[in-house]
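Report on the following structure.
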Amino acid sequence: MKRFFLRSAFGMVCISASSAVWAAEVLRVLAWPGYADPDWVSEFEKRHDARLEVTFIDTDEALWEKLSKNRGEFFDVFAANTAELQRYIDQSIAAPIRAARIPNTRHQLARFRKLDKIKSINRDGYLYAIPFAYSEMGLIYDKNQIKQAPTSMNEMWNKKYKGKVVLHDGSNHNFSFAALTIGIKDPFNLSRNEMAHSVNRLLELRDQDPFFYNSPEEGTQVFIKNKAALMFANYGNQQFKLLRAAGADVGYIVPKEGALAWLDCWAISIKARNKPLAEQWINFTLDKMVSIQLTQRQGLSNTLAKSNISARDKIIWIQSSEDFSLRTQYWDRIRAGNGKNGNSRPKKPVI
């Protein structure tokens, strides 16, 4: 599958490009596409006389499924955003990390070097993750169909774009951005009443007969194939870069109500069989070369260089939600249907 990086099919383990099999140390990495490119894997293996086994996931739900279910699988190191990290700490899946063992952290921007100030990666005096990449979740629009750049996420509810909207198939962020569009101040901790309003808002969006995607490349294919007009860009500038590379004439905005933004970090599993090698991997990904290539290839911001996010843009860093499992249940109900695009309005979830 062509893209800025190569990825395995979802749920399958991608062994490094090296054809040799040797009795070296093995490191098992669970990551998002683009976080363990083949050339990086090869370089790491050479430096550390190790072998990497990389499994790619493309949703928070898939990440949780891999790490929380006892299926005989285990991973030494995994990537998760700060909001999701809390439940991995709660369930004793993530292990404490000693930043001193990851010397490349000293090259990060000041905001990321102050690890103790990032509350979501600390618990009871222990550090559980190291920041790696981040992005805001803006709105992508087709310039051929929308001549004047939109200013708000509310444009996705515009009836003239019915059947031309593309949504990320993730429950957590969809509830949060929907809450922002109706003026809820804290989109991560919804009261019962606010949850009811957010459900109604998403049901109205569901009536727009949207298309859904999980991975960045799937979003690109869905947008182009269906001649979409608008997309909630869960992967931000990464998706904008992909669409432009694919020939789409698109624009990208940070909406006036604010854009949710995620910060992905590397964490080490409590079941890690090779914690020192896991620390070496995290340190390697913070190498200047790797960080620059991450931004060049994926359009994501790295933690070593300043990003393109304007000081005028309203960025809202995502936090843990009030009830992840409840959001997932509601979203599954909202998502289900069999209309034009496999969609129809489901029965309203019971609040």
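Sequential numbering of the sequence shown, starting at 644, is according to the working numbering.
Note that the Cβ used here is the ideal one computed from N, Cα and C, for glycine as well.
Source: prediction; values computed, not measured.
Can you have a look at residue 712 and say buried or exposed, based on whether 16 or more other CB atoms are within 10 angstroms of its CB? Position 69 of the sequence shown, counted from the start, is the residue given in the question as residue 712. The residue is exposed, with fewer than 16 neighbouring Cβ atoms inside 10 Å.
Between the segment 905-919 and the segment 735-742, are three or more C-beta pairs nearer than 8 Å? Yes, since at least three Cβ pairs between the segment 905-919 and the segment 735-742 fall closer than 8 Å, the two stretches touch.
So, helix, strand or coil for residue 894, using DSSP? Working through the sequence shown from its first residue, we reach residue 894 at position 251. It is a strand residue.
Strand pairing of residue 774, partner residues [DSSP]: The residue you call residue 774 lines up with position 131 of the sequence shown. According to DSSP, residue 774 bridges with 908.
Could you check which residue in 891, 905, 778 has the C-alpha nearest to that of residue 961? Position 318 of the sequence shown holds residue 961. That would be 905, whose Cα lies nearest to the Cα of residue 961.
Under 7 Å Cβ to Cβ from residue 998, same chain only, skipping five residues before and after it: list those, please. A query on residue 998 cannot be resolved here, the shown segment of the chain reaching from 644 to 994 and no further.
Please list, in chain order, all residues of the same chain as residue 800 whose beta carbon is under 7 Å from its beta carbon, the five residues on each side excluded. Indexing the sequence shown from 1 puts residue 800 at position 157. Same-chain partners within the cutoff: 847, 848, 851.
Let's see if you can read the secondary structure: which residues bound the alpha helix (DSSP H) around residue 838? Residue mapping note: residue 838 aligns to position 195 of the sequence shown, counting from 1. Start and end: 835-849.
Reducing DSSP to helix, strand and coil, say where residue 680 ends up. The sequence position of residue 680 within the sequence shown is 37, counting from 1. Three-state DSSP puts residue 680 in coil, outside helix and strand.
From residue 933 to residue 893, what distance separates their C-alpha atoms? Here residue 933 refers to the residue found at position 290 of the sequence shown. Here residue 893 refers to the residue found at position 250 of the sequence shown. C-alpha separation (whole angstroms): 28 Å.
So, are the CB atoms of residue 921 and residue 772 less than 7 Å apart? The sequence position of residue 921 within the sequence shown is 278, counting from 1. The sequence position of residue 772 within the sequence shown is 129, counting from 1. At the C-beta level, residue 921 and residue 772 stay beyond 7 Å of one another.
Where does the unbroken beta strand (DSSP E) through residue 831 begin, and where does it stop? Position 188 of the sequence shown, counted from the start, is the residue given in the question as residue 831. Note, residue 831: premise wrong, no beta strand (DSSP E); not H, not E.
Closer than 6 Å by C-beta to residue 957: which residues in its own chain qualify, once you throw out the five before and the five after it? Chain order, please. Reading the sequence shown from its first residue, position 314 is the one you call residue 957. Cβ neighbours of residue 957 within its own chain (closer than 6 Å, five residues either side excluded): 901.
Continuous alpha helix (DSSP H) stretch holding residue 824: start and end: As a working mapping, residue 824 is identified with position 181 in the sequence shown. First-last of the alpha helix (DSSP H) with residue 824: 814-824.
When DSSP labels each residue in this structure, what does residue 704 get in the three-state scheme? Translated into the one-based positions of the sequence shown, residue 704 becomes position 61. The answer is helix: DSSP assigns residue 704 an H, G or I state.
Relative to the C-alpha of residue 668, which candidate in 689, 821, 676, 762 has its C-alpha closest? The sequence position of residue 668 within the sequence shown is 25, counting from 1. Ranking 689, 821, 676, 762 by Cα distance to residue 668 puts 689 first.
Mind checking which residues open and close the beta strand (DSSP E) that includes residue 943? For this step, residue 943 is matched to residue 300 along the sequence shown. No beta strand (DSSP E) holds residue 943; DSSP gives it neither H nor E.
Once you ignore the five residues that flank residue 948 on each side, which residues in its own chain have a CB closer than 8 Å to its CB? Residue numbering aside, residue 948 sits at position 305 when the sequence shown is read from its first letter. Excluding sequence neighbours, residue 948 sits near 752, 934, 935, 938.
Whole-Å CB distance - residue 968 paired with residue 729, under 8 Å assumed: Position 325 of the sequence shown holds residue 968. Position 86 of the sequence shown holds residue 729. Their Cβ separation, rounded to whole angstroms, is 13 Å, which puts residue 968 and residue 729 out of contact at 8 Å.
DSSP bridge partner residues for residue 792 (one or two, in chain order): Translated into positions along the sequence shown, residue 792 becomes position 149. Per DSSP, none; premise fails for residue 792.
Secondary structure of residue 747, DSSP reduced to three states: Position 104 of the sequence shown, counted from the start, is the residue given in the question as residue 747. Note: residue 747 maps to helix in three-state DSSP.
Kindly list the residues whose CB is nearer than 8 Å to the CB of residue 665, restricted to its own chain and excluding five residues on each side of it in sequence; keep chain order. Position 22 of the sequence shown, counted from the start, is the residue given in the question as residue 665. Model confidence at residue 665 stands at a pLDDT of 44, short of 50, so the residue's coordinates are unreliable; what they give is reported in the following sentence. For residue 665, where only same-chain residues beyond five positions count, the Cβ hits under 8 Å are 694.
Can you tell me whether residue 835 is buried or exposed, with buried defined as 16 or more other CB within 10 angstroms of its CB? Counting from one through the sequence shown, the residue named residue 835 turns up at place 192. With fewer than 16 Cβ atoms within 10 Å of its Cβ, residue 835 is classed as exposed.
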